[in-house]
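Visitor: Have a look at this one before I ask anything.
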Amino acid sequence: MATKTAYENLKERFAQMSNLQNAGSILGKDMETTMTSGSTNDRIEQITAIAMASHHLMTDPQVEEWLDRAESDASNFSSEDRRNLDLMRRDWIHGAALPADLAKAEAELSAKGERMHVEHFQSGDWSKMKDWYEHSFNIAREVGDAKKDKLGLPTIYDALVDTYSPGIRVSVIETEFAALDQELRNLIPAAVAKQKQQAPTLPLKGPFPAQQQMELATRVATAMGFDFNRGGLFAIDGHPSSGGSSDDNRITTRCKEGEFFFSLYSSIHEAGHGMYSQNEPLAWRYQPIGGHLGMSVHESQSRIMECNAAMTDEFIEYLSVQANDIFGSDPSLSAGNLKKHIHKVEPSFIRIAADELTYSMHVILRFGLEKAIIEGKLDAKDLPEAWNAGMKEKLGVIVPGNEKGCMQDVHYPIGSVGYFPSYALGSMLAAQFFAAAERANPNLRTALGKGDFQPLATWLHDNVHSQGSIMPADQMIKQATGEGLNAKHYLDHFKARYL
Ligand SMILES: [Zn+2]
């Protein structure tokens, strides 16, 4: 029997880790959807054991040896194997290259930070959290510093952003966010003023039974092309999400009694994530090159379905027909009235509850603040004042307390610095992809009016999903749309819809 090459060993090892991570994700989804509450402790032990096993497989000193050896052989690799090897090295840097004490401090952040956030955020009492925020930012800065040169990136903050959005540079984000910020300052008040001129919106007549809401969400997710033979949609009490593996993708939503928009649009969002996972390239399954391109591109696949497709006037026509059919005929379910609900713009405090137009301002604010803290230009302890000033400047709102301000998100307490940009980058990319898909299929919107997502889904499959990580994100974006990341498409989309 011939001995395996270093690269063959790596492929086998990365496939094992991929399967362990998928198994952990399925156990987590099962915990949210069907598991009885008495099983919680048992399940957390299982999920932790799987995460530990995967971590041990990555930190095993043999992996670094194999990487070194494979890299010295790589001149005769195919371009795809070379790319797969580069991604293995990147995963290893993020997962195993930190000094032991820093890796431990980082792991403690995520475990303890979440508990502290849950315990204190509702009080808005900054004195309880300010030292922890400072500690968390200090650890994040050390982590970025330790990874920056190994990843070949220019700044500490680039190294942090790379954890979530590989292939997208901070200098590019800065330029595009500045353009967006500038224009949104005019667009938001103009949209609000225009909506004030409209005839009043009819309130929805609830209650809407959960079973009927799930019927509507399932009809739409099926029309989108989510494969219910390799996944499922479940109603839960917690926060909607998606997880599992390519061939067993579990998405969740939550039903509120008085309206059906939340369950519907979060299902559409998560089904967009799910379709990206379901359509990863089969030939490279379980390898880094076969996986997704990071959180920005992932978020583009959910937002393109949620905002760009399912908020078009055409789709809302289709939605009105379905809603009248499922919930019973009512004037409040007319396409015109549904559109007023769905397109409502209102500056507010909470990012996750923000409408499409004001959403990016929440993210641009966080990007500027976290970058300033990492660069030492802002003291983490002064976050509330800087936050509140930013909210007033960007959205014209006065933050009443830190629970509605800088303490609302779990990201900073758990050390996820560099994550926030992916939310706005995803929405921006979604608009850019939608514009390209529409250029390729001029009848795309007409099709959405009939509940036909196929022109859009096929374009996404061919240009994004089936590409896995074969190209870095910036190259994939250029190949799919003919240009690099460009805020112009997002702004054009807003102007067409809201002005
Ligand atoms: Zn998402």
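So the sequence shown is numbered by this note's numbering: it starts at 4 and just counts up by one.
In this text, a Cβ means the ideal position worked out from N, Cα and C, and glycines have one as well.
In terms of residue numbering, what span does the beta strand (DSSP E) encompassing Phe237 cover?
Guide: Element bounds for Phe237: 234–238.
Visitor: May I ask you to check if the CB of Glu359 is nearer than 7 Å to at least one heavy atom of ligand 1?
Guide: Checking every heavy atom of ligand 1 against the Cβ of Glu359, none is found closer than 7 Å.
Visitor: Please return the same chain residues whose Cβ sits closer than 6 Å to the Cβ of Glu262, not counting the five positions on each side in sequence.
Guide: Cβ within range, chain order: Leu207.
Visitor: What do you reckon, are the CB atoms on Glu406 and Gly27 nearer than 8 Å?
Guide: No, these two residues do not count as a Cβ contact at 8 Å.
Visitor: Assign Arg93 to one of two classes, buried (16 or more other C-beta atoms within 10 Å of its C-beta) or exposed (fewer than that).
Guide: That one is buried.
Visitor: Do Ser78 and ligand 1 come close, with the Cβ less than 7 Å from some heavy atom?
Guide: Result no, Cβ not under 7 Å from ligand 1.
Visitor: Thinking Ser280 and Asn252 are a contact (beta carbons under 8 Å), I'd like their distance in whole angstroms, please.
Guide: About 5 Å; that satisfies the 8 Å criterion.
Visitor: Give me, in chain order, the residues of the same chain whose beta-carbon lies closer than 6 Å to that of Thr484; leave out the 5 immediate sequence neighbours on both sides.
Guide: If we look at Thr484 and ignore the five residues flanking it on each side, its Cβ neighbours are Gln435, Ala439.
Visitor: Only counting the same chain, and skipping five residues up and downstream in sequence, which positions put a Cβ closer than 7 Å to that of Leu156?
Guide: Closer than 7 Å at Cβ, skipping near neighbours: Ala162, Asp165.
Visitor: I want to check one thing, is the minimum distance from the CB of Ser174 to the heavy atoms of ligand 1 below 7 Å?
Guide: Not so, every heavy atom of ligand 1 lies at least 7 Å from the Cβ.
Visitor: Can you tell me where the beta strand (DSSP E) holding Ile254 begins and where it ends?
Guide: Here the beta strand (DSSP E) through Ile254 covers 251–256.
Visitor: Compute the minimum distance between the beta carbon of Glu117 and the heavy atoms of ligand 1, and state whether it is under 7 Å.
Guide: Outside the cutoff, so no.
Visitor: What are the partner residues of Ser245, as DSSP defines its beta bridges?
Guide: Ile254.
Visitor: In its own chain, which residues sit with a C-beta less than 6 Å from the C-beta of Phe437, not counting the 5 before and 5 after it?
Guide: Counting only Cβ-Cβ distances below 6 Å, and skipping sequence neighbours, we find Ile307, Asn311.
Visitor: For my contact list, Phe140 and Val420 are in at a C-beta cut-off of 8 Å; report their separation, rounded to the angstrom.
Guide: With 8 Å as the limit, Phe140 and Val420 qualify as a contact, their Cβ atoms being about 7 Å apart.
Visitor: Quick one: grab the DSSP three-state call for Ala442.
Guide: The sequence as given places Arg at residue 442; Ala does not occur at that position. Correct three-state label for Arg442: helix.
Visitor: When you compare each of Glu388, Tyr415, Tyr289 to Pro403 by their alpha carbons, which one comes out closest?
Guide: It is Glu388 whose Cα lies nearest to the Cα of Pro403.
Visitor: Go through the residues and name those whose CB comes closer than 6 Å to any heavy atom of ligand 1, in chain order.
Guide: Spelled out in chain order, the answer is His272, His276, Glu302, Ser305.
Visitor: Does the beta-carbon distance from Ala73 to Leu60 come in below 8 Å?
Guide: No, Cβ-Cβ distance for Ala73 and Leu60 is not below 8 Å.
Visitor: Measure how close the beta-carbons of Met431 and Glu179 come, nearest whole angstrom, since I'm counting them as under 8 Å.
Guide: Met431 to Glu179, Cβ: 7 Å. Contact.
Visitor: Could you please give the first and the last residue of the uninterrupted alpha helix (DSSP H) stretch that includes Gln200?
Guide: Here Gln200 belongs to no alpha helix (DSSP H), and DSSP marks it neither H nor E.
Visitor: What does a CB cutoff of less than 8 Å around Ile142 pick up in its chain, not counting 5 residues either side in sequence?
Guide: Once the five neighbours on either side are set aside, the close Cβ partners of Ile142 are Leu105, Ala108, Glu109, Leu112, Gly418.
Visitor: So, using beta-carbon positions, are Gly241 and Ile254 closer together than 8 Å?
Guide: No, the Cβ-Cβ distance between Gly241 and Ile254 is not below 8 Å.
Visitor: Are the CB atoms of Ala443 and Trp462 within a distance shorter than 8 Å?
Guide: In contact: Trp462 and Ala443 (Cβ atoms closer than 8 Å).
Visitor: Would the segment 44–53 and the segment 241–250 be scored as touching if the rule is three or more Cβ pairs under 8 Å?
Guide: Flag = no, the segment 44–53 and the segment 241–250 do not touch.
Visitor: In chain order, what residues of the same chain have a beta carbon less than 7 Å from the beta carbon of Leu322, not counting five sequence neighbours either side?
Guide: So the list reads Leu341, once near-sequence residues are dropped.
Visitor: Measuring CB to CB, does Val66 end up less than 8 Å from Arg16?
Guide: The answer is yes: Cβ separation under 8 Å.
Visitor: Could you check what DSSP says for Gln482 in three-state terms: helix, strand or coil?
Guide: It is helical.
Visitor: Hey, out of Ile176, Ile376, Val400, whose CA is closest to Ala490's CA?
Guide: Nearest C-alpha to Ala490: Ile176.
Visitor: Thinking Met227 and Tyr422 are a contact (beta carbons under 8 Å), I'd like their distance in whole angstroms, please.
Guide: Rounded, the Cβ-Cβ distance is 26 Å, inconsistent with contact.
Visitor: Label Lys150 either buried or exposed according to how many other C-beta atoms from any shown protein chain fall within 10 Å of its C-beta, with 16 as the threshold for buried.
Guide: Buried: at least 16 other Cβ atoms inside 10 Å.
Visitor: Would you please state the rounded distance, in angstroms, between the beta carbons of Leu296 and Ser82? I believe it to be under 8 Å.
Guide: Their Cβ separation, rounded to whole angstroms, is 17 Å, which puts Leu296 and Ser82 out of contact at 8 Å.
Visitor: Take Glu68 as the anchor and find which of Asn79, Val146, Ala100 has the nearest alpha-carbon.
Guide: Comparing Cα-Cα distances from Glu68 to each of Asn79, Val146, Ala100, the minimum goes to Ala100.
Visitor: Which class does Val348 belong to by DSSP, given the choice of helix, strand or coil?
Guide: DSSP places Val348 in coil when its eight states are reduced to three.
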